[in-house]
Amino acid sequence: MNNQKMDIGLIGLGVMGENLALNMESNGLRVAVHNRGAESIDAFISGIAKGKNILGFENIVDFINSIDKPRKIMMMVKAGVVVDSYIDKLTPHLDMGDIIIDGGNSHYADTIRRTKDLEDGGFYFIGAGVSGGEEGALNGPSIMPGGSRAAWPIVKDIFQLISAKVDNSPCCEWIGEDGSGHFVKMVHNGIEYGDMQLICESYQIMRDVLGMSVEEMYTVFREWNEGELSSYLIEITANILNYKDTDGSYVLDKILDVAGQKGTGKWTGIAALDLGTPLTLIGESVFSRYLSSIKQERVAASRVLKGPNTLFKGNRQDALNDIHDALYCAKIVSYAQGYSLLTDAAKEYGWNLNYGGIALIWRGGCIIRSVFLNKIKQAYDTNASISNLLLDPFFKGKIENCQDGWRRTSSLAIEHGVSVPAMTSSLCYFDGYRTSDLPANLLQAQRDYFGAHTYERIDKPRGEFFHTDWLNKNK
23 MNNQKMDIGL IGLGVMGENL ALNMESNGLR VAVHNRGAES IDAFISGIAK GKNILGFENI
83 VDFINSIDKP RKIMMMVKAG VVVDSYIDKL TPHLDMGDII IDGGNSHYAD TIRRTKDLED
143 GGFYFIGAGV SGGEEGALNG PSIMPGGSRA AWPIVKDIFQ LISAKVDNSP CCEWIGEDGS
203 GHFVKMVHNG IEYGDMQLIC ESYQIMRDVL GMSVEEMYTV FREWNEGELS SYLIEITANI
263 LNYKDTDGSY VLDKILDVAG QKGTGKWTGI AALDLGTPLT LIGESVFSRY LSSIKQERVA
323 ASRVLKGPNT LFKGNRQDAL NDIHDALYCA KIVSYAQGYS LLTDAAKEYG WNLNYGGIAL
383 IWRGGCIIRS VFLNKIKQAY DTNASISNLL LDPFFKGKIE NCQDGWRRTS SLAIEHGVSV
443 PAMTSSLCYF DGYRTSDLPA NLLQAQRDYF GAHTYERIDK PRGEFFHTDW LNKNK
């Protein structure tokens, strides 16, 4: 290897890109970096990257020529047209067999297209989901690569070197074909939406029904993080609750209740609708963010629309135990729905996904990392073709033991006028999934009545369809 050449190139010096470059360099890699603005390159190289084995290039051709062949160029740029623009800038100066890596939150359909287009041109393309935020990028993220399989042996050592480690195992493994890596990252983000919403609903019940102080809620979440709910999101929730402003008041109480989003939760919901997968909890989590955004309407409505005037009269500790169980049960449903979506997508796109392996990738570095994921790995080790995680003996047993608290918590919130759409929709999904005879027979009759859409009969073989002339009672 030419010692003057860099091991990898990175485009995009936002916080994620800068931290990933520093991560790479701290693991012994020589890194070339490029950004659209020369000022940001100079600021990075003369700032936190000063004295490190990182070189900055304003000219993209010089940047490309500085990288050892086969070139490995990773983009950490905004999804969409920016990615395509950089691909167009790179490819005229690349050699056959060079590898372009998209580490942003690109839509999986774009990754499917880009993989085919670049392979047709003699290049390799990897769509790599990268999770963990700023901290993960710097200290070790969870990485979900998919795309050109021939490129994996070339980049494997680099990706696994810079990824998070759990039990000395890297939180990075090959996901599969074309857009599968970005699809798995999208589902990860959808589950993240669900986990966050469930925690927020639990917090609201504590605050608005049980009347708990911020300090009391901090104690509860800190204790929960020591048990079976232990996870990154529970941990940071406790930290947030305990954080005080310069005046000694809690920062959380000063934050406007309007949630933002970057679109991956919405993409997860759209994919579920396209594939016909019931992804109710994650869908409600996205809609809850939309509801939060109409702040002025909600404030005005709060002056006009009145809910129940009910005071909590139960035992607070019993209620907290129920909330714990409800959060755990709903979390099971969130992952069950997410994995069902992965299964349906794998069938649709011909991907060969390692479902247990995906759980291992998510154990460290990423936002949804938790002790919970080991149980998912065990479920797929026991039955690789399990149709739904709810059917796994461990998760089945957990819900059987905890569902009473789940139901009581949902009822408690409803009785006190507290909105808990993720918690209740997950319960409705569970009840619907375990029901052998749903009222869809009436729905099909309605469809046939007004639109002659036909229906199947329970006394006839599946696949035979019938129509009734509902307006003629003699037929």
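Letter by letter, the sequence shown follows residues 23 to 497 in the numbering used here. Note that CB positions come from ideal geometry on N, CA and C, so glycine has one too.
Extent of the continuous beta strand (DSSP E) run through residue i
i: D124; result: 121 to 124
i: M97; result: 94 to 97
i: H56; result: 53 to 56
i: I82; result: Unbroken run through I82 is the alpha helix (DSSP H), 82 to 87; no beta strand (DSSP E).
i: L77; result: 76 to 78
Distance CB(residue i)-CB(residue j) smaller than 8 Å
i: L301; j: G287; result: no
i: R391; j: Y254; result: yes
i: E306; j: A444; result: yes
i: L217; j: S407; result: It should be pointed out that residue 217 corresponds to Asp in this sequence rather than to Leu. Contact: no.
i: K74; j: E40; result: no
i: L251; j: I262; result: no
i: L465; j: A352; result: no
i: V440; j: Q283; result: no
i: H438; j: V236; result: no
Residues near residue i by beta carbon distance below 7 Å, same chain, minus five either side
i: L35; result: V55, N57, S62, I63, F66
i: N24; result: In this prediction, N24 has a pLDDT of 44, which is less than 50 and means its spatial position is unreliable; what the coordinates show is noted afterwards. Once the five neighbours on either side are set aside, the close Cβ partners of N24 are D90.
i: R484; result: E478
i: M28; result: R52, V53, A54, L77, S88, I89, D90
i: K100; result: G126
i: K399; result: G378, A381, L382
Residues bridged to residue i [DSSP beta-bridge criterion]
i: P167; result: A150
i: P300; result: Beta-bridge pairing links P300 to no other residue.
i: F181; result: According to DSSP, F181 bridges with nothing at all.
i: I33; result: H56, M97
i: S253; result: S392
i: F488; result: Y477
i: K266; result: Y272
Host alpha helix (DSSP H) of residue i (start-end)
i: I316; result: Per DSSP, I316 belongs to no alpha helix (DSSP H) and is neither H nor E.
i: G454; result: 443 to 455
i: L333; result: Careful: L333 lies outside any alpha helix (DSSP H) and carries neither H nor E.
i: T431; result: 415 to 437
i: F472; result: 462 to 473
i: I134; result: 130 to 142
i: C222; result: 202 to 226
i: G378; result: 377 to 383
Contact set for residue i: own chain, Cβ-Cβ below 6 Å, skip 5 residues either direction
i: S224; result: I345, L349
i: M38; result: M98, A159
i: V498; result: Since the displayed the chain opens at 23 and closes at 497, residue 498 lies outside it and no answer follows.
i: W373; result: G198, E199, S202
i: W184; result: What sits at residue 184 in the sequence shown is Ile, not Trp. N45, M46, N49, listed in sequence order.
i: M228; result: M234, M239
i: C388; result: S153, G154, S164
i: K207; result: G151, M166
Chain-order list of residues whose beta-carbon lies under 8 Å from that of residue i (same chain, five-residue window excluded)
i: L112; result: I82, I86, I95, I122
i: E141; result: F147, S170
Can you confirm whether the region 117 to 129 touches the region 88 to 104 when touching is taken to mean that 3 or more C-beta pairs between the two stretches lie within less than 8 Å? yes
At a cut of 8 Å, does the region 176 to 183 reach the region 101 to 113 through at least three beta carbon pairs? no
Touch check for the region 423 to 433 and the region 355 to 366: three-plus C-beta pairs under 8 Å? no
How about the region 319 to 337 and the region 409 to 428: do they share at least three Cβ pairs that are nearer than 8 Å? no
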